[in-house]
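Here the structure comes first, spelled out in structure tokens, and everything after it is commentary.
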Amino acid sequence: MSGSARPRPSSPRPDASEPGWLVEVGRAALDLVVPQRCAGCGHPGRAWCTSCAALCAGPSLVVAGAAGCRAAALHSGPAGRAVVAFKDQGTRRLAAPLGDLLAGAVLDVVADLELASGEPVWLVPIPARRSARRARGADHMGVLAARAARRLRSLGVAAHRCAALGHVRDSLDQVGLDRAQRQANVTGTLRGAPVPPGLLVVVDDVTTTGATLAEGIRALRAVDGRTAAAATVTWAAPRRHLASEVRRD
Ligand SMILES: [Zn+2]
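Take 2 as the starting number for the sequence shown in the numbering used here and just add one per residue.
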């Protein structure tokens, strides 16, 4: 990353105009005083235990039906419970282990594409709806993308977070919708912004059918024709994929 003329990726900034920052401060304080249990298995000690970390280690999963997408772990396991705790219960200490899991999935995407050494990798998070961000008190995917980028840089990959996706309009909740309905629900909801040269990887916490990731990829392609890959922390795989069909190659 030596080109000084390139736009710099955005950095997370607290927005004091949103009441959510108070929620964030409160949660951070609670994290310091409330005894910790592992979000993956409930074992007392820390927010993410070594056993759960070991269970989620190893090659990432190939997300069926979502071209070029990898997930670090299944959503039905400890990583999925940790994603829910981080996103919906505000367990901020999970940012590091979940960001590191996301970094592992991105690393496998980079390997899949045989990226040239030194080429930048731009992690583009799926943005939370404004109402969700306010309720959670933080841009949780922005936090995970930044952590994943930091982890990748420590491994020698020139990765940075780039907040290049925004909402045009809100979609409905995807719960209960089938694949076609999910795609129709999200199509046209995101818009992209220019990203400096390099590999684009759309990142999210969890994917089910890949519809939201596909919308992010579409929105980025509409800017300059570039095709993005995708990576998530977890994959809510349909039951038919939960046995031997899950590929870790
Ligand atoms: Zn655990």
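Ideal Cβ positions, reconstructed from N, Cα and C, are used throughout, including at glycine.
- In this structure, D205 and T233 form a Cβ contact; the two beta carbons are roughly 5 Å apart against a cut-off of 8 Å.
- If only uninterrupted alpha helix (DSSP H) runs of at least 4 residues are considered, those enclosed by the region 175 to 201 are 180 to 187.
- In this structure, S52 has its beta carbon less than 8 Å from a heavy atom of ligand 1.
- Distance check between P121 and each of P128, A133 and V107 places V107 closest, using alpha-carbon atoms only.
- Per DSSP, the unbroken alpha helix (DSSP H) holding C53 starts and ends at T51 to L56.
- The beta carbons of T210 and G66 sit closer together than 9 Å.
- Under the three-state reduction of DSSP, V169 is assigned to coil, being neither helix nor strand.
- According to the DSSP secondary-structure assignment, A160 is paired through a beta bridge with V122.
- In this structure, DSSP gives V207 an extended state, which the three-state scheme calls strand.
- CA-CA distance, C42 to D225, rounds to 44 Å.
- Judged by DSSP in its simplified three-state form, T92 adopts coil rather than helix or strand.
- Relative to ligand 1, even the nearest heavy atom lies 8 Å or more away from the CB of C70.
- Per DSSP, A136 is one residue of the alpha helix (DSSP H) stretching across R131 to R137.
- When DSSP states are grouped into helix, strand and coil, R227 belongs to the coil group.
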